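Just so you know, the protein sequences line up as chains A and B, in that order.
Our numbering runs 6 ahead of the 1-based position in the first sequence.
Our numbering runs 14 ahead of the 1-based position in the second sequence.
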Amino acid sequence: MGRALSPAGAPAGRRAMAALTAVLTAGLAAACASGASGTRVVNLYNAPQESIGAIAGRCNREAHGRYRIVVNTLPRGADDQREQLVRRLAARDSGLDVLGLDVTWTAELAEAGWIREWTGRYAQEASKGTLPGPLSTATWQGRLYAAPYNTNVQLLWYRSDLMPDPPSTWAGLIQASERLAAEGKPHYGEVTGAQFEGLVVWFNSLVASAGGRILSPDGRRVELGPSALTALRTMRRFARSKAADPSISNTKEDDARLAVESGRGAYEINWPFVYASMATLQPKLLKKFKWAPYPGITGPGRAPLGGANFAVSRYSAKPDAAFQAALCLRDPESQRTAAIQDGLPPAVESVYWAPGMAKAYPMRQAILDSLKTAAARPMTPTYQNVSTVSAVRLSPPKSIDPPRTLRSLRGLIEDALQSKGVLP
Amino acid sequence: MNEEVSSAEAIPVPGRAAAVPSANRRSERRLGWMLCAPAAVVMLAVTGWPIVYSVLLSLQRFDLRFPARKAWIGVDNYTTVLGSSFWWNAFAVTVLVTVVSVAVELVLGMVIALVMYRTIVGRGLVRAVVLIPYGIVTVAAAYGWKYAWTPGTGFLARLLPAGAAPLTDHFPAIGIIILAEIWKTTPFMALLLMAGLALVPEDTLKAASTDGATAWQRFTKITLPLMKPAILAALLFRTLDAFRIFDDIFVLTNGAQNTSSVSLIAYHNLIGGLNLGIGSTMSVLIFLAVALIAFVFVKVLGTSTPDAGRR
């Protein structure tokens, strides 16, 4: 304090102020300059993805100055990504243009009025050639709110030396594990049983495989009929059988992958990224590492549907440039790059037969087949609440008490839909 | 407030009190009020308005995801929160963390305070070393603890049986949260207590020792009673602080395995859940709990703040 008042201090303070002003003005000037030259800067906010810079680079070259995409990377965790996006959207931040969204966020952001509806020419281009499953994840109440970028389905990944004939049901998997255990061979079946979204993904697919739904299609009512009871019984039986890894209640996708790669698990229910990982880390096991459709109750089940879509923010100041940029970022060539470089399965069917795909995706036919019956997660603006409270009630899977758990789930999800739900 | 003003007025200003007419003094007082009014108004605006605003929000159904369904719903949010097992679980965790960490900190802090107070050689160094944990940013320290307890990377996790992941179980996770809290804020407790030790006159201790009192007797019969105001003030500060625990839990577990504190659950509902109604209700309840703790300390236990020592 004393120093700032001394004769020597004052000019120093003023100089610092001048420097600060200069920096700020330079920033403003730069922002204005890009506007003046006609290049519209489109800010993309996307999950971390290695080749997104290359994809955006190609789009910028082909745009010939109509727009320039600037890639901004969101945090790695899905919850952290969502939190950053919704916090900025709630504050009407105009610095966001194109948003990379998880398939479960469409309803929430659309209902809040934070993302723009896709109409006319843009909607046509976004849906042309796009697989129906992924397209449904970008739709809310019959309107298109995003352009599908990539999709994903879980498959049964198994060691053919341990299980020559992969079972098509959960009961079959339990039997296979019992047989392997009796023979003293690796017998664990890895599933995402930790208390997180993955546990709800498992439950949702079991309910769908049993012929039911968690919510009505409009997302307004809880269904959870007898099929939910079947699903809960199946989860409990699996978690208490020889198939369950002792650490099932801590297993997430990556733990499941590691367990099979290390030889501890005989099979896993997981996303296709495990194949590329096996090829890199355990090339010796790769020949015996096979895939089969997602298991069901009485026959093949309905696999969980994942993926990401691009939406345009309501508060974007240049929506036209943003729509065009989003379309380029998810065009067949971009999807091919993302599929081969980053292991993200394409949402456009023709890309599966593009050059380079046969080597990266030997399981592409299985993915396409599973996509036809895949079960999307409940569509509701309150999915975050539904998922969080369900995960709490379903964890740990071996403590599920089917009728009681179902009653409690029903009450919690009903409260969540009325925004009366309290998050833990 | 009024009491202070009148007592200040009662003190005669030396040499002037009798000579100056009272009208002059009143105008001086008015000038004083006017001079501090702008600051008072700003303070009220920045502290008062957010409190009023969250009370207003807590009486509404206000979910950012359903802007069209915003409505005044009276105390419905309070019934919802107070009827939720998640809230009471978070409340229990918060009380447990507060009671255990503050109790342990009081004992440890007292020991450290005595050491710091009695050290003759390298007093400055000892005090600086003790203060290091308090100087580290809580979030950075919490990450340190998190990695230390993570199997595969942590030096503390290596001491446990293979396969143990303490942060993924309810009670071990709470234990680690309490440990991090104690490690972090014991120095603060020690500092406050050391200030209290300075209140104990050396003569009294010497007299007691001449009369044959043992060290323990001197501590319990003389030091502690004389330090009582300082101990209560330290307990008040730390209890209020511990009850609002957020950053350690946010980093260590983010509330998984039912380890949310009340502040964390409010954050999850407000920011993660976008539910301004429920989230604000929780904030108001936390505010009331903190006010109650302060009331109990000040009115029931007779804690006085250091500058109000004239009672």
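In this text, a Cβ means the ideal position worked out from N, Cα and C, and glycines have one as well.
Just so you know, these numbers come straight off a predicted model, no measurement behind them.
- Taking the Cα positions, V265(B) is about 21 Å away from S255(A).
- Counting the other Cβ atoms within 10 Å of the Cβ of W63(B) gives fewer than 16, which makes it exposed.
- Contact with chain B is found for N256(A), since one of that chain's Cβ atoms lies less than 9 Å from the residue's Cβ.
- None of the residues of the region 116-133 of chain B has a beta carbon lying less than 7 Å from any beta carbon of chain A.
- Within chain A, no C-beta atom comes less than 7 Å from the C-beta of G166(B); the nearest is roughly 11 Å away.
- Under the DSSP assignment, Y73(A) falls outside any alpha helix (DSSP H), being part of the beta strand (DSSP E) whose first and last residues are Y73 to T79.
- Ranked by Cα distance from W146(A), the options T112(A), K134(A) and S133(A) are led by T112(A).
- Cβ contact annotation for L49(B) (same chain, cutoff 7 Å, sequence separation greater than five): none.
- Positions of the alpha helix (DSSP H) runs, each at least 4 residues long and wholly inside the region 168-247 of chain A, are given as 176-188, 203-215 and 232-245 in order along the chain.
- At a cut-off of 9 Å between C-beta atoms, T388(A) counts as an interface residue with respect to chain B.
- The residues P147, Y148, I150, T152, A155 and D262, in chain order, have a CB closer than 8 Å to that of K198(B) in the same chain once the five nearest residues on each side in sequence are set aside.
- Taking C-beta atoms as the reference points, W163(A) and I303(A) fail to come closer than 9 Å.
- Scanning its chain for C-beta atoms nearer than 8 Å, with the 5 sequence neighbours on each side dropped, one finds around T112(B) the residues T253, A256, F257 and I259, in chain order.
- G101(A) has its alpha-carbon roughly 11 Å from the corresponding atom of R320(A).
- The distance from the Cβ of A309(A) to that of S211(A) is about 6 Å, consistent with a contact at the 8 Å cut-off.
- A250(A) is a Cβ neighbour of G195(A), given a cutoff of 9 Å.
- Against chain B, the CB of N391(A) has a partner CB under 9 Å away; the residue lies at that interface.
- Secondary structure at Q55(A): coil, using DSSP grouped into helix, strand and coil.
- With its beta carbon less than 9 Å from one in chain B, L429(A) belongs to the interface.
- Contact annotation: A317(A) and V104(A) have beta-carbon atoms nearer than 9 Å.
- Measuring C-alpha to C-alpha distances from L288(B) to each of A372(A), I75(A), Y128(A) and T388(A) identifies T388(A) as the nearest.
- For a cut-off of 8 Å, the C-beta gap from E259(A) to T198(A) is around 6 Å, short enough to register as a contact.
- Interface residue (Cβ-Cβ distance to chain B less than 9 Å): S396(A) is not classified as such.
- By the C-beta criterion, the region 208-222 of chain B is judged not to be in contact with the region 186-198 of chain B, since fewer than 3 inter-stretch pairs fall below 8 Å.
- A direct Cα-to-Cα measurement between V69(B) and W120(A) gives close to 26 Å.
- According to DSSP, L311(A) shares a beta bridge with V159(A).
- When beta bridges are read from the DSSP output, Q74(B) appears opposite W86(B).
- P165(B) is bridged by DSSP to nothing; it lacks a bridge partner.
- Between V109(A) and R410(A), the CB-CB gap reaches or exceeds 9 Å.
- Less than 9 Å separates the beta-carbon of L350(A) from that of N158(A).
- In the DSSP annotation of this structure, the continuous segment of the beta strand (DSSP E) that includes N276(A) starts and ends at G271 to N276.
- Close CB contacts of M241(A) within its chain, under the 8 Å cut and outside five residues either way in sequence, are with W208, F209, L212, L400, P403 and I406 (chain order).
- Residue-level contact check: E267(A) does not touch chain B, since none of the beta carbons of chain B fall below 9 Å from its beta carbon.
- Near chain B, meaning a CB-to-CB distance below 7 Å, the residues of the region 192-206 of chain A are Q201.
- Between F279(A) and L80(A), the alpha-carbon positions lie close to 20 Å from each other.
- Cβ-Cβ separation between G427(A) and N391(A): approximately 5 Å, consistent with a contact (criterion under 8 Å).
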